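Q:
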Amino acid sequence: MATVYLVRHGQASFGKANYDQLSPTGWEQGRSLGRWLVGKVTPDAVFGGNLERHRETVEAIATGYGSQLPDMQVVPGFNEFDHNEVVTRFRPAWSDRTVMARDLQSFPKPARAFQEAFVQAVRRWASGEHDHEYDETWPDFKARVLQAFDEMIEFADGGDVLVATSGGPISVICQHLLELDDKRALALNEVIANTSVSRVLYSGPRRSLSVFNNYSHLEAEDPALVTFR
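Under this note's numbering, think of the first position of the sequence shown as 1, with each following residue one higher.
1. Which residues mark the beginning and the end of the beta strand (DSSP E) in which G158 is found?
2. Buried or exposed for E179, please, with buried defined as at least 16 other CB atoms from any protein chain shown within 10 angstroms of its CB.
3. Here's the rule: buried if 16 or more other CB atoms are within 10 angstroms of the residue's CB, otherwise exposed. What is G10?
4. When burial is assigned at 16 or more other CB atoms within 10 Å of the CB, is R31 buried or exposed?
5. Here's the rule I'm using: 16 or more other beta-carbon atoms within 10 Å means buried, otherwise exposed. How should P24 be labelled?
6. Tell me whether the region 27-47 and the region 88-102 touch, counting them as touching only if at least three CB pairs, one residue from each stretch, are closer than 8 angstroms.
7. Excluding the five sequence neighbours on either side, which residues of its own chain have a C-beta within less than 7 angstroms of the C-beta of F212, listed in chain order?
8. In chain order, what residues of the same chain lie with their CB nearer than 6 angstroms to the CB of K142, ignoring the 5 residues before and after it?
9. From the DSSP output, read off the bridge partner residues of R73.
10. Based on the DSSP output, what are the partners of A60 in its beta bridges?
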């Protein structure tokens, strides 16, 4: 059976003007994964969304890998949902970044406070009770991710594939393969580590999740590299 390696992007730049780029930690996470893949994985193809953090994650992996990786083929279906829209529909005042920063600084741990708000915002989005407020609903998001996944496997034609994507698409794919309800799928999304690897085995129409959220490459090099946001 062939393998799809679903990689969540490295840590993005939370709190910066451009969130959609890797932080210094994110770059090192990617290099660490690249070093770990040497001798274990030789992908026949590399895919990713069109987000900057996806492309930079592949660049970081290639640096650590040391050998030539196939060029990343861009598939927008592997993009994350619009987290800015999801958060600001939950907290409209946070459309002003200065207001959001001020609010978060009132907490002892701003990053944790944001994560708690983010979880609530995602649950609101996925509830189906406010679909008219979102450009992309939760069902629409799931449909486009699974379509991208199916098309990618058809293109791969039995080869091993590395996919740089985000936590949302990974959780949707795992939900589909394990036949989980939405509540459990959202719970998966909350625990997917940056540059973790989830493996899907496939042969023709058969697809099975064999590994979920492996980040042992980070723990082996430096446990401080383990991040979830």
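For glycine and all other residues, C-beta sits at the position ideal for the given N, C-alpha and C. Keep in mind that this is a model prediction, so the values were computed, not measured.
A: The relevant details are as follows:
1. From DSSP, G158 is part of no beta strand (DSSP E); its letter is neither H nor E.
2. Flag for E179 reads exposed.
3. Counting every other CB atom within 10 Å of its CB across the protein chains shown gives G10 a total of 16 or more, marking it as buried.
4. Buried.
5. Counting every other CB atom within 10 Å of its CB across the protein chains shown gives P24 a total below 16, marking it as exposed.
6. Counting Cβ pairs under 8 angstroms, fewer than three are found: no touch.
7. Taken in chain order, the residues that qualify are C174 and S198.
8. Taken in chain order, the residues that qualify are V172.
9. In the sequence as displayed, the identity of residue 73 is Gln instead of Arg. Bridge partners of Q73: F47.
10. DSSP lists no partner for A60.
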